[in-house]
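Structure, as structure tokens:
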Amino acid sequence: NAGVTQTPKFQVLKTGQSMTLQCAQDMNHNSMYWYRQDPGMGLRLIYYSASEGTTDKGEVPNGYNVSRLNKREFSLRLESAAPSQTSVYFCASRPLDSPLHFGNGTRLTVT
Amino acid sequence: EDQVTQSPEALRLQEGESSSLNCSYTVSGLRGLFWYRQDPGKGPEFLFTLYSAGEEKEKERLKATLTKKESFLHITAPKPEDSATYLCAVQLHGSGNTGKLIFGQGTTLQVKP
Chain A
-7 NAGVTQTPKF QVLKTGQSMT LQCAQDMNHN SMYWYRQDPG MGLRLIYYSA SEGTTDKGEV
53 PNGYNVSRLN KREFSLRLES AAPSQTSVYF CASRPLDSPL HFGNGTRLTV T
Chain B
47 EDQVTQSPEA LRLQEGESSS LNCSYTVSGL RGLFWYRQDP GKGPEFLFTL YSAGEEKEKE
107 RLKATLTKKE SFLHITAPKP EDSATYLCAV QLHGSGNTGK LIFGQGTTLQ VKP
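First to last, the sequence lines map onto chains A and B. Letter by letter, the first sequence follows residues -7 to 103 in this note's numbering. Letter by letter, the second sequence follows residues 47 to 159 in this note's numbering.
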């Protein structure tokens, strides 16, 4: 059972470059989430998708876009990366009224 | 403003030395409080959910408790393998089915043999 799979695991970008972080879950969960984790800040919600076909902004959506491609996949796109987006990005999923299941993260550095 | 604060930021214990981690919250309405464990280079792993004041949950050497203002994660006779960062998160009333959580900054626990 793979759970929540994130790719890539590591990425280095230059300021202004774009990239898409991929996330897939094989647990048939309805809801999926993107968080970023920064030292001293805790996990902060970027975007979420409560169900297939819907997406909503979280606490820190600026500079990001998302796509819920199907029930399994939820991608996060950085159109023009900035150094402030250097972070560890976590994707998570959950079934109805249950705890979040997290992937192992993508470590992104923007120079 | 809804807020979750964990203390201490870091905690060093000797193996067998019991202690507690604190998670205090100031929120408009609590739907549930969650504890997660995070190992270096990994995603958070679910430990417990607490829903109402007075509730307690246990798992091996860990016990989580909840009051109206805070939660404690008690660690009894810890072992080196308990070393990790422990995260607390709250889900608010009115968040509906979104599952949105507000996380604290975490407590990094190191248990020395």
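Note that the Cβ used here is the ideal one computed from N, Cα and C, for glycine as well. Keep in mind it's a predicted model, so treat the numbers as computed, not measured.
Would residue i pass as an interface residue toward chain A - the criterion being a Cβ-Cβ separation below 7 angstroms?
i: K105/B; result: no
i: Q49/B; result: no
i: Q151/B; result: yes
i: F118/B; result: no
i: G89/B; result: yes
i: G145/B; result: yes
Between residue i and chain B, is any beta-carbon pair separated by less than 7 angstroms?
i: N96/A; result: yes
i: L100/A; result: no
i: L68/A; result: no
i: F82/A; result: yes
i: R86/A; result: yes
i: S23/A; result: yes
i: L37/A; result: yes
i: G32/A; result: yes
Using beta-carbon positions only, say whether residue i and residue j come within less than 7 angstroms of one another.
i: P53/A; j: Y39/A; result: yes
i: T111/B; j: E102/B; result: yes
i: G150/B; j: V73/B; result: no
i: T78/A; j: V4/A; result: no
i: V157/B; j: S117/B; result: no
i: T12/A; j: S72/A; result: no
i: P39/B; j: P126/B; result: This structure cannot speak to residue 39/B, because chain B is shown only from 47 to 159.
i: Q84/B; j: T153/B; result: no
i: L147/B; j: Y132/B; result: no
i: V58/A; j: T46/A; result: no
i: V(-4)/A; j: G97/A; result: no
Any idea which residues DSSP pairs residue i with across the strands?
i: E65/A; result: A16/A
i: K49/A; result: Y39/A
i: K103/B; result: A110/B
What residues from chain B crowd round residue i, counting only those whose CB sits closer than 7 angstroms?
i: P91/A; result: F80, F92, T95
i: R28/A; result: Within 7 angstroms Cβ-Cβ: nothing; R28/A doesn't reach chain B, min ~11 angstroms.
With a threshold of 6 angstroms (Cβ to nearest heavy atom), would residue i be considered close to the ligand PLP?
i: G75/B; result: Inclusion of the ligand PLP in the displayed structure is not the case, the ligand content being empty and no account of it being possible.
At 8 angstroms on the CB atoms, spell out the chain B contacts of residue i, in chain order.
i: M11/A; result: By Cβ distance, chain B contributes nothing, its closest Cβ being about 20 angstroms from M11/A, past 8 angstroms.
i: Y40/A; result: T144, G145, K146
At a CB-CB cut-off below 9 angstroms, which residues of chain B make contact with residue i?
i: G50/A; result: K146
Would you call the stretch 65 to 82 of chain B and the stretch 127 to 137 of chain B touching, i.e. three or more CB-CB distances under 8 angstroms?
-> Between the stretch 65 to 82 of chain B and the stretch 127 to 137 of chain B there are three or more inter-stretch CB-CB distances shorter than 8 angstroms, so the stretches are counted as touching.
State whether the stretch 82 to 97 of chain A contacts the stretch 17 to 34 of chain A, with contact taken as three or more CB pairs (one from each stretch) at a distance under 8 angstroms.
-> Touching, per the Cβ criterion.
Are at least three pairs of beta-carbons, each pair with one atom in the stretch 88 to 99 of chain A and one in the stretch 57 to 65 of chain B, less than 8 angstroms apart?
-> Taking a cut-off of 8 angstroms for Cβ pairs, the stretch 88 to 99 of chain A and the stretch 57 to 65 of chain B do not touch, as fewer than three such pairs fall below it.
Would you check if the stretch -7 to 2 of chain A and the stretch 91 to 98 of chain B touch, i.e. whether three or more CB-CB distances between them fall below 8 angstroms?
-> Taking a cut-off of 8 angstroms on C-beta distances, the stretch 91 to 98 of chain B does not touch the stretch -7 to 2 of chain A, as fewer than three cross pairs fall below it.
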